[in-house]
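What follows is a single structure, written as structure tokens, with notes after it.
Protein chains in written order, with my numbering: chain C, 25 to 135; chain H, 656 to 769.
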């Protein structure tokens with residue numbers, strides 16, 4: 025069985041400040057982990073993925089995530105938030121046939 | 656456009672009616688997924704196909720729900736005797752067969768049961 029816990033349902037930051045969205049996972053196997061972003065009325069878009077290569081993964085739009093096996097975490101970060109980053113973010117775990125989503129973190133960016 | 660395509664984008668139906676949604680995956684993708692997303696929640700896994708074989712079904716998929724993928728190409732999701740609780744966004748995704756590759760999502764079909 026596998027599952028994902030996103031530790032914050034809502035994160036609010038000011039434009040230009042760092043972003044941290046937290047994700048813990050549980051998996052019986054060596055998982056692949058993903059972050060997807062969902063803008064209002066838009067489809068889910070892949071930000072980045074971890075598939076057992078480098079533990080620090082770089083994605084689109086300046087986002088990064090670090091896989092920490094000892095902590096079973098895959099937190100998403102960005103050094104400087106932009107207004108266009110306001111969206112819903114989903115952490116996803118996959119270890120075979122299916123993909124399990126977290127409940128999501130809504131990121132608000134204040135001017 | 657070579658992305659995942661879903662039809663219709665919106666569907667309003669009366670309680671008790673049957674509805675069918677269609678998903679056209681990216682052409683070379685042999686894996687196809689259906690998810691359901693309600694307001695403020697993450698997508699919930701419903702079912703998964705590899706080619707034409709339905710390999711896994713969630714317990715969320717009651718007897719009123721059925722999915723097919725004839726010939727391993729497009730897929731349909733049918734809901735019989737719709738209930739108000741079926742109102743949600745239904746998402747389709749596809750991916751290549753390789754293990755742990757990312758899935759590409761369609762825009763979804765928003766179902767409203769009145």
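Positions of the beta carbon are idealized from the N, C-alpha and C atoms, including for glycine.
Computed from a predicted structure; not experimentally measured.
Once the 5 residues before and after residue i are set aside, which same chain residues still bring their CB inside 6 Å of it?
{"i": "residue 63(C)", "result": "111"}
{"i": "residue 135(C)", "result": "39"}
{"i": "residue 731(H)", "result": "675, 677, 723"}
{"i": "residue 679(H)", "result": "660, 729"}
{"i": "residue 34(C)", "result": "130"}
{"i": "residue 81(C)", "result": "72, 74, 89"}
{"i": "residue 750(H)", "result": "684, 686, 756, 758"}
{"i": "residue 31(C)", "result": "46"}
Roughly how far, in whole angstroms, is the beta-carbon of residue i from the beta-carbon of residue j, given that I think they are within contact range, below 8 Å?
{"i": "residue 760(H)", "j": "residue 67(C)", "result": "5 Å"}
{"i": "residue 713(H)", "j": "residue 701(H)", "result": "5 Å"}
{"i": "residue 711(H)", "j": "residue 58(C)", "result": "Between residue 58(C) and residue 711(H) the Cβ distance is about 18 Å, and since that is not below 8 Å, they are no contact."}
{"i": "residue 715(H)", "j": "residue 733(H)", "result": "The Cβ separation is near 15 Å, so there is no contact."}
Report the residue from the options whose alpha carbon sits nearest the alpha carbon of residue i.
{"i": "residue 661(H)", "options": "667(H), 670(H), 681(H)", "result": "681(H)"}
{"i": "residue 77(C)", "options": "90(C), 131(C), 26(C)", "result": "90(C)"}
{"i": "residue 719(H)", "options": "751(H), 686(H), 740(H)", "result": "740(H)"}
{"i": "residue 703(H)", "options": "685(H), 717(H), 692(H), 764(H)", "result": "685(H)"}
{"i": "residue 116(C)", "options": "98(C), 83(C), 34(C), 33(C)", "result": "98(C)"}
{"i": "residue 25(C)", "options": "53(C), 43(C), 60(C)", "result": "53(C)"}
{"i": "residue 748(H)", "options": "692(H), 734(H), 769(H), 766(H)", "result": "692(H)"}
{"i": "residue 56(C)", "options": "42(C), 73(C), 103(C)", "result": "73(C)"}
{"i": "residue 109(C)", "options": "82(C), 128(C), 28(C), 87(C)", "result": "87(C)"}
{"i": "residue 752(H)", "options": "668(H), 672(H), 688(H), 696(H)", "result": "688(H)"}
{"i": "residue 100(C)", "options": "93(C), 106(C), 94(C), 114(C)", "result": "114(C)"}
{"i": "residue 767(H)", "options": "707(H), 733(H), 708(H), 738(H)", "result": "738(H)"}
{"i": "residue 60(C)", "options": "44(C), 79(C), 83(C), 75(C)", "result": "83(C)"}
{"i": "residue 27(C)", "options": "93(C), 123(C), 69(C)", "result": "123(C)"}
{"i": "residue 85(C)", "options": "65(C), 69(C), 92(C)", "result": "69(C)"}
{"i": "residue 736(H)", "options": "750(H), 690(H), 699(H), 670(H)", "result": "670(H)"}
{"i": "residue 765(H)", "options": "36(C), 95(C), 65(C), 92(C)", "result": "65(C)"}
{"i": "residue 721(H)", "options": "763(H), 762(H), 673(H)", "result": "673(H)"}
{"i": "residue 121(C)", "options": "709(H), 769(H), 664(H), 733(H)", "result": "709(H)"}
{"i": "residue 696(H)", "options": "118(C), 93(C), 29(C)", "result": "29(C)"}
Leaving aside the five residues before and after residue i along the sequence, list all residues of the same chain whose C-beta is less than 8 Å from its C-beta, in chain order.
{"i": "residue 657(H)", "result": "681, 682"}
{"i": "residue 42(C)", "result": "101, 102, 103, 104, 105"}
{"i": "residue 107(C)", "result": "39, 133, 135"}
{"i": "residue 706(H)", "result": "685, 724, 727"}
{"i": "residue 763(H)", "result": "661, 664, 692, 744, 745, 746, 747"}
{"i": "residue 119(C)", "result": "26, 51, 52, 53, 54, 55, 56"}
- Can we say the stretch 738 to 747 of chain H touches the stretch 39 to 50 of chain C, given the rule of at least three CB pairs closer than 8 Å? Two segments are said to touch when three or more pairs of C-beta atoms, one from each, lie closer than 8 Å; by this definition the stretch 738 to 747 of chain H does not touch the stretch 39 to 50 of chain C.
- Of the residues that make up the stretch 76 to 95 of chain C, which ones have a beta carbon closer than 9 Å to any beta carbon in chain H? The residues in question are 76.
- Query: Mind listing which residues of the stretch 748 to 768 of chain H have their C-beta closer than 9 Å to chain C's C-betas, in chain order?
  - Reply: Near chain C, meaning a CB-to-CB distance below 9 Å, the residues of the stretch 748 to 768 of chain H are 748, 750, 754, 755, 756, 757, 758, 759, 760, 761, 762, 763.
- Message: Short of 7 Å Cβ to Cβ, which residues in the stretch 97 to 117 of chain C face chain H?
- Response: The stretch 97 to 117 of chain C vs chain H, Cβ under 7 Å: 114.
- Query: Taking any Cβ of chain C, which residues in the stretch 692 to 726 of chain H have a Cβ under 8 Å from it, in chain order?
  - Reply: Cβ contacts with chain C: 695, 696, 697, 698, 699, 700, 703, 705, 710, 711.
- Query: For the stretch 48 to 68 of chain C, which residues have a beta carbon sitting closer than 7 Å to at least one beta carbon of chain H?
  - Reply: Flagged, chain order: 56, 58, 67, 68.
- Task: Return the residues of the stretch 669 to 689 of chain H that lie within a Cβ-Cβ distance of less than 9 Å from chain C, sorted by chain order.
- Result: Within the stretch 669 to 689 of chain H, the qualifying residues are 686, 688.
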